[in-house]
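According to our numbering, the sequence shown is numbered sequentially starting from 168.
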Amino acid sequence: MLFGKLRDPNIRALSTHFEQFVDQEDTLQWDLQTDVLTVNGKTLCFNIYFGRADTFGPSTDQMSANYYLMRNYLLAHPAIKRHNRTYERDVPTKAANILLARSVGFVTPQTVIGTQSGIADSIVKPLTGGHYVVPGGSAQYPAIIQERIHGTNRRLFIVGNQSFGFDIISRELDYRKDAFVEIRQSSFSSSLVAKAFDLASLMGLSYSALDFVEEYFLEINTMPMFAAFDQLAKGQIADAIRYSLDQNFRL
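The following block contains the structure:
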């Protein structure tokens, strides 16, 4: 079963890979006495799941409630195959993940979690994620303040036992602000890929994307958007997301 909104390009990329689709604004009901889940009045049964909370349009209370209804249903049914089953996304752990990355051998920029860093050339990004990276060495409230590394942004997807690498060419500090950003498929060293698998395994992730500048690890994303990268990879990432669910690999 696929859960989300079809306006999300990541959900659209997976829409042909799943037999059932549940819109995030559908009418969901879970009867705890009978343990029956219904969608628009019809009983829903499934043993494989992939879902994303929609961020591509206005959110409603219905959408938010449905998202957490599904999160609860999945917690109550551990036999349902899904990615990153043991990882709790609602608690941001970007700072702790940097130390985990160091423990498996990644090199990371000098980093301070706080409001002042003393780092000469640095950037600021929110501890909880979601907002743009900006230049600077201070923040109004605790944030990730990090040494700025100059070079090419890179992203490495880990999906089951497969990996997919890309270079992201941009003139902006945060490439998400660049209307002319260019993405290219790229190869990563076997050593770096092995460390990426080690980190994903340590965190209990079967689906993730690691961000780098050159060889410097920046962060690991636990429910990354993939549609633009999947187009370059000719659908291989979407295929891997669905295939690894069938294989029950590190789920």
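Each residue gets a CB set at the ideal place from its N, CA and C atoms; glycine is no exception.
In the pairwise beta carbon analysis, the segment 361-380 is classified as touching the segment 308-326: at least three pairs are separated by under 8 Å.
The count of Cβ pairs closer than 8 Å, one atom from the segment 239-259 and one from the segment 173-191, stays below three, leaving the stretches out of contact. Sequence-distant partners of Gly285 (beyond 5 residues in either direction) whose C-beta falls short of 8 Å from its own C-beta, in its chain, are Val279 and Gly304. Secondary structure at Ile404: helix, using DSSP grouped into helix, strand and coil. Leu199 sits away from Thr205, with the two beta carbons spaced by 8 Å or more. Pairing Leu340 with Gln229, the inter-Cα distance amounts to about 36 Å.
Spanning the alpha carbons of Asp397 and Pro391 requires a straight line of approximately 12 Å. CA-CA distance, Arg351 to Phe331, rounds to 11 Å. Using a Cβ distance threshold of 8 Å, Arg315 and Ser357 do not count as a contacting pair.
Beta-bridge partners of Leu169 (DSSP): Phe188 and Phe217. DSSP places Val206 within a strand segment (E or B) once states are collapsed to three. Between Arg256 and Phe217 a beta carbon distance of about 14 Å is seen, past the 8 Å cut, so the two are scored as non-contacting.
Ranked by Cα distance from Ile311, the options Asn328, Ser354, Asn264 and Phe333 are led by Asn264. Taking C-beta atoms as the reference points, Gly327 and Ala407 count as a pair closer than 8 Å. In the DSSP assignment, no residue is bridged to Ser354. Straight through space, the alpha carbons of Ser354 and Ala268 are spaced by roughly 20 Å.
No Cβ-Cβ contact shorter than 8 Å links Ser368 with Asn251. In the DSSP assignment, Gly303 is bridged to no other residue.
Membership of Ser270 in the alpha helix (DSSP H) is indicated by the continuous run Lys261 to Ser270. The beta carbon of Gly296 sits closer than 7 Å to the beta carbons of Pro259 and Lys261 from its chain, once the five residues preceding and following it are set aside; these are given in chain order. Shown here, Arg338 sits in coil according to DSSP, grouped into three states, outside any helix or strand. Taking Val348 as the centre and dropping the five residues before and after it, the same chain places the C-beta of Ile335, Ile336, Ser337, Glu339 and Tyr342 closer than 8 Å to its C-beta, in chain order. Where Leu385 is concerned, the enclosing beta strand (DSSP E) starts and stops at Tyr383 to Asn388. When secondary structure is reduced to three states using DSSP, Tyr254 falls in the coil class, being assigned neither helix nor strand.
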